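Trainee: Sending over a structure as structure tokens; questions will come in a sec.
Numbering (the working numbering), first residue to last: 560 to 639.
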């Protein structure tokens with residue numbers, strides 16, 4: 560059980576800002592991982608049939624990483 564003094568440490572403005580920044584990065588990272596998994600699977604399947612699709616598969620696999628960059632930007636803006 561958390562007493563009142565300890566709870567106050569987590570519920571101040573700085574703590575909530577840090578929690579918001581952590582949630583922004585965590586959710587975008589998780590969403591990016593799911594998207595990259597699906598795109599990577601499809602890209603490998605396409606490259607197994609046609610090796611000329613390597614460049615397109617690589618580009619499409621990297622695109623979801625921009626979501627994490629947006630999450631990082633939001634986290635930095637929250638902590639200003």
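For glycine and all other residues, C-beta sits at the position ideal for the given N, C-alpha and C. The model shown is predicted, which means the values in this text are computed figures rather than measured ones.
#1: So, residue 579 versus residue 637, is the Cβ gap smaller than 8 Å?
#2: Quick one: what's got a C-beta closer than 7 Å to residue 627's C-beta in the same chain, skipping five residues either side?
#3: Contact defined as beta carbons within less than 8 Å: I believe residue 599 pairs with residue 625. What is the distance between those atoms, to the nearest angstrom?
#4: Near residue 606, what residues of its chain come up, given a Cβ to Cβ distance below 7 Å and the 5 sequence neighbours on each side ignored?
Mentor: Judging by the given coordinates:
#1: Locating residue 579 in the chain shown gives position 20, where the first residue counts as 1. Locating residue 637 in the chain shown gives position 78, where the first residue counts as 1. Cβ distance < 8 Å, so residue 579 and residue 637 count as in contact.
#2: Walking along the chain shown from the start, residue 627 turns up at place 68. 587, 588 and 591.
#3: In the chain shown, residue 599 corresponds to position 40, counting from 1. In the chain shown, residue 625 corresponds to position 66, counting from 1. About 15 Å; that fails the 8 Å criterion.
#4: Counting from one through the chain shown, the residue named residue 606 turns up at place 47. Here the set comprises 612, 613 and 616.
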